[in-house]
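There are 2 protein chains.
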Amino acid sequence: MAGYDASKFERPSVTVDVILFTVKDDDLKVLLVKRNVDPFKDMWAIPGGFVKIDESLEDAAKRELLEETNVRDVYLEQLYTFGDPKRDPRTRVITAAYFALVNAEKFKLKASTDVKDVNWFSMFDLPELAFDHKKIVEYALKRLRWKMEYTTVAFSLLPEKFTLTQLQKIYEIILDKSLDKRNFRKKIKALELVKEVQEFQEEVAHRPARLYTKNKKIGEIVEIF
Amino acid sequence: MAGYDASKFERPSVTVDVILFTVKDDDLKVLLVKRNVDPFKDMWAIPGGFVKIDESLEDAAKRELLEETNVRDVYLEQLYTFGDPKRDPRTRVITAAYFALVNAEKFKLKASTDVKDVNWFSMFDLPELAFDHKKIVEYALKRLRWKMEYTTVAFSLLPEKFTLTQLQKIYEIILDKSLDKRNFRKKIKALELVKEVQEFQEEVAHRPARLYTKNKKIGEIVEIF
DNA sequence: CCAAAAGTGTTAGTGATACACCCATGT
DNA sequence: ACATGGGTGTATCACTAACACTTTTGG
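Quick note, the sequences are listed as chains A and B, same order. Numbered by numbering that gives the first Met the number 0, the letters in the first sequence go through residues 0 to 224 in order. Numbered by numbering that gives the first Met the number 0, the letters in the second sequence go through residues 0 to 224 in order.
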């Protein structure tokens, strides 16, 4: 922190971008918005926007997500700040990227004024993205995979009540590898991450699975080293 | 990313701050600078400063470290971006904090124009710090400890040639716990992190220890999960 | 010969992996 | 009765943790 008067400096703009993941239709999906303005008009991009002068970065991330996509109440954490001077062709823009997870069945997407369209895309079949958003999304995937292995973030992708098979599938889809059912259940139970509910799946053409909820103070994210 | 003209917005200032750690005199030290200007004139702070309009965040971090403290060639990674609207009393300042490690014996500290004084402080006995720097330093310590357990960052705190006891001490000081010598050496050797050198310690009043170097392509940081 | 740190192996316990069959339900 | 996923236990392997004595050097 130097003895400069901040106002002497030509200032970069600051944005937040939010990489929102969900698991849906047996696939890992990212939320993208279609840009309605230049630069990169009509191209898909990560939702985001400028940080207001009196809001925190996290508040900005929540606000953008709500405004552009109608999504609220997500697991949210800061991912990384991308500040390459050339990442925006117009001017210097530094972006604090956030990383978010939701259970997709809880809201309806809707577009907004700045945005022509909003949609889920398979992480493994993305369209061309605006700015350096490809790089950002790839970085987010790395972080997501890491978090899956060492924390309980997976639970934020589930509905209130879920089966152990649903939970396991989330791990399998994101980590892109199959897991042993018995070992998986053994571990989940040993860590006491879930609590039995006195209910079972309904309307399935096979033996209905027991339902579980997250156990109390996993509330949010537990490191499971 | 929204359809706004960036120039319409009141822009926050962006700084980088660098938390530089070293291990010295059997203690974990942080580099602090004494501010020569308001706000917080004469108070100790993490080195840092404004990001220039055409330099990347990482370049800014390197530049500030060199300018304010004469330190170069460090291990450097982005830590977190702090953006609370009230963290700077003057105006909105968002700071991208970087986290750095050096072997302290390789350079001479020197103060600069913006800075009255530069010095190493024990991480466990810090003076009062400017801004929200206490919080930032604590966050950096958490990250450092985490990195010690799961990566090979420790090696960036060592000189070219070192003994296994020196290496072990670094772990012990930072993690603040003692480790078993035999198990420690077994693990380091099993992971092939070090290479024997045909030299020994000199001028010590006991059996001289064998010297080692970092093994080839640990070059930088290896995750040791 | 004393002080100081260097160096070295074995055992027990814990957690991870591999693996196959019966069960409950709907059609 | 059959198809579909649900549900369960044991044995092996790998890694971690605990632990004590001998060696080499300088003073």
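Think of the CB as a built atom: it goes at the ideal place given N, C-alpha and C, for glycine as much as any other residue. Everything numeric in this text was worked out from a predicted model, so none of it was measured.
*asked:* Whether or not the stretch 72-85 of chain A and the stretch 76-85 of chain B are in contact is what I'm after, with contact meaning three or more pairs of Cβ atoms, one per stretch, closer than 8 Å; do they touch?
replied: Short answer: they touch.
*asked:* Please tell me whether, using a cut-off of 6 Å, the distance from the CB of A/M42 to the nearest non-hydrogen atom of the ligand COA is below it.
replied: This structure does not include the ligand COA; it has no bound ligands of any sort.
*By Cβ distance, which residues of its chain are closer than 6 Å to A/D41, with the 5 residues on each side in sequence left out?*
What you label residue 41 of chain A is simply residue 42 of the first sequence in a count that begins at 1. The answer is none, since no qualifying residue turns up.
*Do we get a CB-CB distance below 7 Å when we pair A/P11 with the residues of chain B?*
Here residue 11 of chain A corresponds to residue number 12 of the first sequence, with the count starting at 1. Closer than 7 Å: yes.
*asked:* Applying the 10 Å Cβ sphere with the 16-neighbour rule, what's the burial state of A/F123?
replied: Taking the first residue of the first sequence as position 1, residue 123 of chain A is located at position 124. A/F123 should be labelled exposed.
*Which word fits A/V203, buried or exposed, when buried means at least 16 other C-beta atoms lie within 10 angstroms of its C-beta?*
As a first step, residue 203 of chain A must be located in the first sequence, where it is residue number 204. Exposed is the label assigned to A/V203, since fewer than 16 other Cβ atoms lie within 10 Å of its Cβ.
*With burial defined as no fewer than 16 other Cβ atoms inside 10 Å of the residue's Cβ, what is the status of B/H205: buried or exposed?*
As a working note, residue 205 of chain B is residue 206 in the second sequence. Exposed is the call here.
*Where do the N-terminal and C-terminal ends of the alpha helix (DSSP H) with B/V136 fall, by residue?*
On the second sequence, position 137 is the one that residue 136 of chain B refers to. Segment H132 to Y149, the alpha helix (DSSP H) holding B/V136.
*Taking just the CA atoms, how far does A/A99 sit from A/Y138?*
Position 139 of the first sequence, counted from the first residue, corresponds to residue 138 of chain A. Position 100 of the first sequence, counted from the first residue, corresponds to residue 99 of chain A. The alpha-carbon atoms of A/Y138 and A/A99 are separated by roughly 13 Å.
*Note down, in chain order, each residue of its chain lying with its Cβ closer than 6 Å to the Cβ of A/K146, except the 5 sequence neighbours on either side.*
On the first sequence, position 147 is the one that residue 146 of chain A refers to. Cβ within range, chain order: V152.
*asked:* How far does the beta strand (DSSP E) with A/K115 in it extend, from its first residue to its last?
replied: On the first sequence, position 116 is the one that residue 115 of chain A refers to. First-last of the beta strand (DSSP E) with A/K115: V114 to S121.
*At 9 Å on the CB atoms, spell out the chain B contacts of A/Q165, in chain order.*
Start at 1 with the first residue of the first sequence, and residue 165 of chain A comes out as number 166. Within chain B, no residue comes near A/Q165; the closest Cβ sits about 26 Å away, beyond 9 Å.
*asked:* Helix, strand or coil, according to DSSP, for A/R34 in the structure here?
replied: Numbered from its first residue, the first sequence carries residue 34 of chain A at position 35. Correct three-state label for A/R34: strand.
*Could you pull out every residue in the same chain whose Cβ sits closer than 7 Å to the Cβ of A/R184, ignoring the five residues on either side in sequence?*
Stepping through the first sequence from its first residue, residue 184 of chain A is reached at position 185. Closer than 7 Å at Cβ, skipping near neighbours: L163.
*Compute the distance between the beta-carbons of A/T68 and A/T14, then report whether it is under 7 Å.*
The count along the first sequence starts at 1 and reaches residue 68 of chain A at position 69. The count along the first sequence starts at 1 and reaches residue 14 of chain A at position 15. It is not a contact, given that the beta carbons lie outside the stated cut-off.
*Anyone know if the C-beta pair for A/P84 and B/D53 falls short of 7 Å?*
Position 85 of the first sequence, counting from 1, holds the residue named residue 84 of chain A. Position 54 of the second sequence, counting from 1, holds the residue named residue 53 of chain B. With a cutoff of 7 Å on beta-carbon distance, A/P84 and B/D53 are scored as near each other.
*Report the residues of the stretch 53-74 of chain B with a CB closer than 7 Å to any CB of chain A, ordered along the chain.*
Look at the stretch 53-74 of chain B: the residues with a C-beta under 7 Å from a C-beta of chain A are D53, E54, S55 and L56.
*May I ask you to report which of helix, strand or coil DSSP gives A/R89?*
Position 90 of the first sequence, counted from the first residue, corresponds to residue 89 of chain A. If DSSP states are grouped into helix, strand and coil, A/R89 belongs with coil.
*Under a three-way DSSP split, which group does A/F106 fall into?*
Along the first sequence, read from residue 1 onward, the residue named residue 106 of chain A stands at position 107. The answer is coil: DSSP assigns A/F106 none of H, G, I, E or B.
*asked:* Which residues in chain B have a C-beta closer than 8 Å to the C-beta of A/Y79? List them in chain order.
replied: Counting from 1 along the first sequence, the entry for residue 79 of chain A is found at position 80. Under the 8 Å cutoff, chain B gives Q77.
*Looking at the structure shown, is B/I52 part of a helix, part of a strand, or coil, going by DSSP?*
The residue given as residue 52 of chain B occupies position 53 in the second sequence. B/I52 falls in the coil class under three-state DSSP.
*Going along the chain, which residues of the stretch 205-216 of chain B sit with their C-beta nearer than 7 Å to a C-beta in chain A?*
Taken residue by residue, none of the stretch 205-216 of chain B has a beta-carbon sitting less than 7 Å from a beta-carbon on chain A.
*Would DSSP call B/I173 helix, strand or coil?*
Along the second sequence, read from residue 1 onward, the residue named residue 173 of chain B stands at position 174. B/I173 falls in the helix class under three-state DSSP.
*Indicate the three-state DSSP secondary structure (helix, strand or coil) for A/V13 in the structure shown.*
Indexing the first sequence from 1 puts residue 13 of chain A at position 14. In the three-state reduction of the DSSP assignment, A/V13 falls in the strand class, which pools E and B.
*Could you check if B/V196 is buried or exposed, using at least 16 other CB atoms within 10 Å of its CB as the buried criterion?*
The count along the second sequence starts at 1 and reaches residue 196 of chain B at position 197. Exposed, by the Cβ-count rule.
*Tell me whether B/K188 is buried or exposed, calling it buried when 16 or more other Cβ atoms sit within 10 Å of its Cβ.*
By 1-based counting over the second sequence, the position of residue 188 of chain B is 189. Result: exposed.
*In angstroms, rounded to a whole number, what distance separates the CA positions of B/K154 and B/L166?*
On the second sequence, residue 154 of chain B is found 155 positions in, with the first residue counted as 1. On the second sequence, residue 166 of chain B is found 167 positions in, with the first residue counted as 1. For clarity, residue 154 of chain B is Phe in the given sequence; the question names Lys instead. Their backbone Cα atoms lie some 8 Å apart in a straight line.
*asked:* For the stretch 175-198 of chain A, list every residue whose C-beta sits within 8 Å of some C-beta in chain B, in sequence order.
replied: Along the stretch 175-198 of chain A, none of the residues has a CB nearer than 8 Å to a CB of chain B.
*Which class does B/L100 belong to by DSSP, given the choice of helix, strand or coil?*
In the second sequence, residue 100 of chain B corresponds to position 101, counting from 1. The three-state reading of DSSP puts B/L100 in strand, counting E and B together.
_Give me the residue from B/L192, B/K134 and B/D179 with the minimum Cα distance to B/T212._
Position 213 of the second sequence, counted from the first residue, corresponds to residue 212 of chain B. Comparing Cα positions, the closest option is B/L192.
*Taking A/F120 as the reference, which of A/K134, A/D72 and A/D24 has the closest Cα?*
Reading the first sequence from its first residue, position 121 is the one you call residue 120 of chain A. Of A/K134, A/D72 and A/D24, the smallest CA-CA separation from A/F120 is found for A/D24.
*Could you give the residue range of the beta strand (DSSP E) that holds A/F81?*
The residue labelled residue 81 of chain A in the question sits at position 82 within the first sequence. Looking at the DSSP string, the run of the beta strand (DSSP E) that includes A/F81 is Y74 to F81.
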